[in-house]
Structure formats: C-alpha cells, structure tokens
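Engineer:
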Amino acid sequence: MQIPVIVQTVGLLTLSNVFMTVAWYGHLKNFSTRAWYVAAFASWGIALFEYLLQVPANRIGYTQYSLAQLKIMQEVITLSVFVPFAMIYMNEPFKTDYIWAGLCLVGAVYFIFRS
C-alpha cells in the first residue's frame, strides 16, 4: 500500500514547517540574551532539518501539483503551524486577525485549486 501523494506532501511540509517556525522565531524566547550570531547559528542548525523535509516534500508534491498549488499549500500549513506556536510556545494572545488571514488563505486555495 502506497501513501497518497497529498498525504506525503502535506505531512512532510507540516513537519518541515515546525522546524522552520522554531528556527525563525524560537530564538526570540530561548536566545534573547545571547548575541545575534549565536541565535543565527542555532537557527541554521534547526533549519537544516527543515530543508531535509521540505525538499523531498516539494519533489513528491510536484509530481501531482503545480508550483503555485505547492506554494499555497505551504502558506496554509505555515499559518496552521504558526498560530499554535505563537500561542502555546511564545505565549502570544489569540488574535482575530488569524481568522481573517485564514479566510484569505481559503480564497487563495480556492483560486489555485479550482482548475
């Protein structure tokens, strides 16, 4: 039994996004008192794992989806990962702007996947 392309693509992109979100924003909490270059090296180390997941995700996805579809998929996943990260890990409050951004992405998904 083979895993469907959409499941492989979304699964790998979601995992890669977790790593990238931590690499991009985790240092704001964990390395705020350290020099910027310490945070940069730590972020690069984390981002390596993001690339090890993102590159195969896009290669697998590109066998069935267009470049634009992959990009919109990535943006939806990014917001889906970022909001819980911001609220749970960074202790940011929920904002209704997250809902509006999500609705904009629903429109983007519609237009990119309609044909």
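Using this note's numbering, read the sequence shown as starting at 14 and increasing by one per residue. The beta-carbon is built from N, C-alpha and C at its ideal position, and this holds for glycine as well. Note that the structure is a prediction, hence the values are computed from the model and not measured.
1. How big is the Cα-Cα spacing for Ser128 and Thr27?
2. Output the distance between the C-alpha atoms of Tyr75 and Thr109, rounded to the nearest integer angstrom.
3. What ranges does the alpha helix (DSSP H) occupy inside the segment 78 to 106, keeping only unbroken runs of at least 4 residues that lie completely in it?
4. Between Val31, Ile59, Tyr102 and Tyr64, which has its C-alpha nearest Val94's C-alpha?
5. With distances taken between CB atoms, is the gap from Ala60 to Ala36 smaller than 8 Å?
6. Between Met86 and Ser45, what straight-line distance do the alpha-carbon atoms span, to the nearest angstrom?
7. Ile90 and Val18 - do their beta-carbons sit closer together than 8 Å?
8. DSSP state of Arg72, grouped into three classes?
Structural biologist: Here's the rundown:
1. 25 Å
2. 33 Å
3. 80 to 97
4. Val31
5. yes
6. 31 Å
7. no
8. helix
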